[in-house]
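In the working numbering, the protein residues as written are 5 to 497.
Yeah, the Cβ is synthetic: ideal placement off N, Cα and C, and Gly gets one too.
No experiment lies behind these values; they were computed from the predicted model shown.
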RNA sequence: CGGGAUGUAGCGCAGUUGGUAGCGUGCUACGUUCGGGACGUAGAGGUCGCAAGUUCGAAUCUUGUCAUCCCGACCA
């Protein structure tokens, strides 16, 4: 099996595919009719639930509430905001009929032609339009503002080519949609949520990200400004991990959402939207995994510690189980999640490999030898190091170890990113360097034309215009025109 | 929608000049094992993607068709 994994890993870039089959036990739906939709089995979903839980808490701490809006969007809604139509008019699932009937020529059912909808319904690719249509009825006065809603939902985008976790036809996400009385407040909201995402990515996922602005080409359809966090995967490709959009008054104007301000003047509201998706699971996998499987940050692991008993007979098992129960209780008291795997139908070696594959941060193994010596074997997933330590104060030891693992995998990812991030000053050099992967910091003249040219010739895009860091001006590597600051180029998923 | 590849057991694959389908793994039972994915014995599991055609006979040849994967266009 180990050999098999090595062989699979040599595929390199195709992490998501095999981690899905082997680790998360998730896969693409095989039925052609729902091609490109993902099936997330329980362990993979448990990771999503952890992500959801932490983000949801952070949203609430920043003053947001959850709401839910319809799955179906009347087609006409999507015609209202011109830029938005440009961006989203293409790959959507469309509901045209509302009834089936028995097939008159044989078995089964057919669509009843008499049940054609007068107006087609679009399965939401994102909910701006239906939400703004709803907000119109909620907002009359500055006293009704701000509206700070988040929605956990599924959305559908009929992608021509799908990729497990990274680009599936149906995916789970959260989308925040806020309405504000002033431009400044809306911009602040978009920036706050960007910070929330960055905080989550770095402190929970242990995935370093760059905060930045999207170029006009990469900007969300209908947004005035798109903020993003960009991560770098182990194969050197970038992953857009989350976006936060300042929408200006575009949607308010399209859906006629106005309010009376303190001066008794009618104004359009200012809007933001922001979202992250199950793509984060893909990011998590591709940031930390190694040849032995998934490596999960302790803060997002469905269980942080697994205890495996090693025994020859029932008597031994009983003694170990007693000890393990004590340790579990102590760990749980410290807020550590523990699984005690005393399943009799798997052997210890099998369990070791299995939990490594699943990325459980810490494994404790206890056998007859440990019973005699009052010890326990501690194995950490990130370095695969094993140690035999005293069971005394094991809970403290493990709690510290979990913190250490969280910090260590972040550092590892950060160092990797640093090692493949470099400044490039000429276009010739760029063409060579981009083949090696990683982030390239380059001067760019700010025009969509130049960006397009670079994309066509090298497949690299501007991942973001960084908010932090070096702001020294220079000249564009392609055209030689002035550049305000270096921007980040990479090939991306 | 263009270019390439592939559809055979749950998964991964082999199958020669056309002769009625096999390997690994997984699964089931029993026994021995159990500190790094154990071993033995016995078993279950396949309308060979689908449909026509050629043939005494097709997984194999022909045509059509459907689907998947990879590379482009699209995208979180």
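- Query: Where DSSP assigns a beta bridge to residue 530, which residues make up the other side?
  - Reply: Residue 530 falls outside the range modelled here, since the chain spans only 5 to 497, and no answer is possible.
- Message: With the cut-off set at 7 Å, would you say residue 370 and residue 313 are in Cβ contact?
- Response: yes
- Message: Taking the alpha-carbon of residue 458 as reference, which of 113, 134, 330, 221 has the nearest alpha-carbon?
- Response: 221
- Answer with buried or exposed for residue 254, where buried requires no fewer than 16 other C-beta atoms within 10 angstroms of its C-beta. buried
- Message: With distance defined between alpha-carbon atoms, name the residue in 417, 186, 468, 442 nearest to residue 291.
- Response: 417
- Could you spell out where the alpha helix (DSSP H) holding residue 52 opens and where it closes? 46 to 65
- Message: Less than 7 Å between the beta carbons of residue 309 and residue 366, yes or no?
- Response: yes
- Taking all protein chains shown into account, decide if residue 154 is buried (16 or more other Cβ within 10 angstroms of its Cβ) or exposed. buried
- Task: Quickly, what does DSSP pair residue 158 with across the bridge? List them, please.
- Result: 176
- Message: Looking only at its chain, what residues have a beta carbon closer than 7 Å to the beta carbon of residue 29, apart from the 5 residues adjacent to it on each side?
- Response: In this prediction, residue 29 scores a pLDDT of 47, lower than 50, which makes its location untrustworthy; no coordinate-derived value is stated.
- Contacting residues, own chain, Cβ-Cβ under 6 Å from residue 176 (five flanking each side not counted): 158, 282
- Item | Buried versus exposed, by CB contacts within 10 Å (16 or more), residue 211 | buried
- Item | Which of helix, strand or coil DSSP assigns to residue 139 | helix
- Cβ pair residue 142, residue 197 closer than 7 Å: no
- Using three-state DSSP, classify residue 478 as helix, strand or coil. strand
- Message: For residue 187, tell me which candidate among 127, 450, 276, 409 has the shortest Cα-Cα distance.
- Response: 276
- Query: Looking only at DSSP bridge pairs, what is residue 88 linked to?
  - Reply: For residue 88, which the question treats as bridged, DSSP gives no partner whatsoever.
- Which of helix, strand or coil DSSP assigns to residue 72: coil
- Query: Quick one: what's got a C-beta closer than 7 Å to residue 100's C-beta in the same chain, skipping five residues either side?
  - Reply: 120, 121, 124
- Please work out which residues of its chain come closer than 8 Å, Cβ to Cβ, to residue 441, disregarding the five sequence neighbours upstream and downstream, and give them in chain order. 239, 240, 241, 424, 494, 495
- Buried or exposed: residue 164, going by 16 or more other Cβ atoms within 10 Å of its Cβ? exposed
- Query: Between the C-alpha atoms of residue 170 and residue 433, what's the straight-line distance to the nearest angstrom?
  - Reply: 30 Å
- Identify whether residue 205 lies in helix, strand or coil by the three-state DSSP scheme. helix
- Query: Measuring CB to CB, does residue 468 end up less than 7 Å from residue 216?
  - Reply: yes
- Which residues mark the beginning and the end of the alpha helix (DSSP H) in which residue 216 is found? Looking at the DSSP string, residue 216 is not in any alpha helix (DSSP H); the run it does join, the beta strand (DSSP E), is 213 to 217.
- residue 368 to residue 453 span [Cα, whole Å]: 57 Å
- Query: Can you tell me whether residue 144 is buried or exposed, with buried defined as 16 or more other CB within 10 angstroms of its CB?
  - Reply: exposed
- How close, in whole Å, do the beta carbons of residue 156 and residue 178 come, if the pair is a contact with beta carbons under 8 Å? 5 Å
- Task: Kindly indicate which three-state DSSP category residue 306 falls into: helix, strand or coil?
- Result: coil
- Message: With a threshold of 6 Å on Cβ separation, who are the neighbours of residue 63 within its own chain once the five nearest residues in sequence on each side are excluded?
- Response: 154
- Task: Assign residue 494 to one of three DSSP states: helix, strand, or coil.
- Result: strand
- Leaving out five residues on either side along the sequence, give the residues of the same chain with a beta carbon under 7 Å from the beta carbon of residue 18. For residue 18, the pLDDT reaches just 45, beneath the cut-off of 50, and the residue's location in the model is therefore unreliable, although a value from the coordinates is still provided. Cβ within range, chain order: n/a, list empty.
- Task: Give the secondary structure of residue 365 by DSSP, where H, G and I count as helix, E and B as strand, and everything else as coil.
- Result: coil
- Query: Residue range of the beta strand (DSSP E) that residue 500 falls in?
  - Reply: The first residue shown for the chain is 5 and the last is 497, placing residue 500 beyond what the model contains.
- Query: So residue 335 packs on residue 393, CB below 8 Å; how close in whole Å?
  - Reply: Contact flag wrong, Cβ pair sits at about 14 Å.
- Task: Output the distance between the C-alpha atoms of residue 373 and residue 364, rounded to the nearest integer angstrom.
- Result: 24 Å
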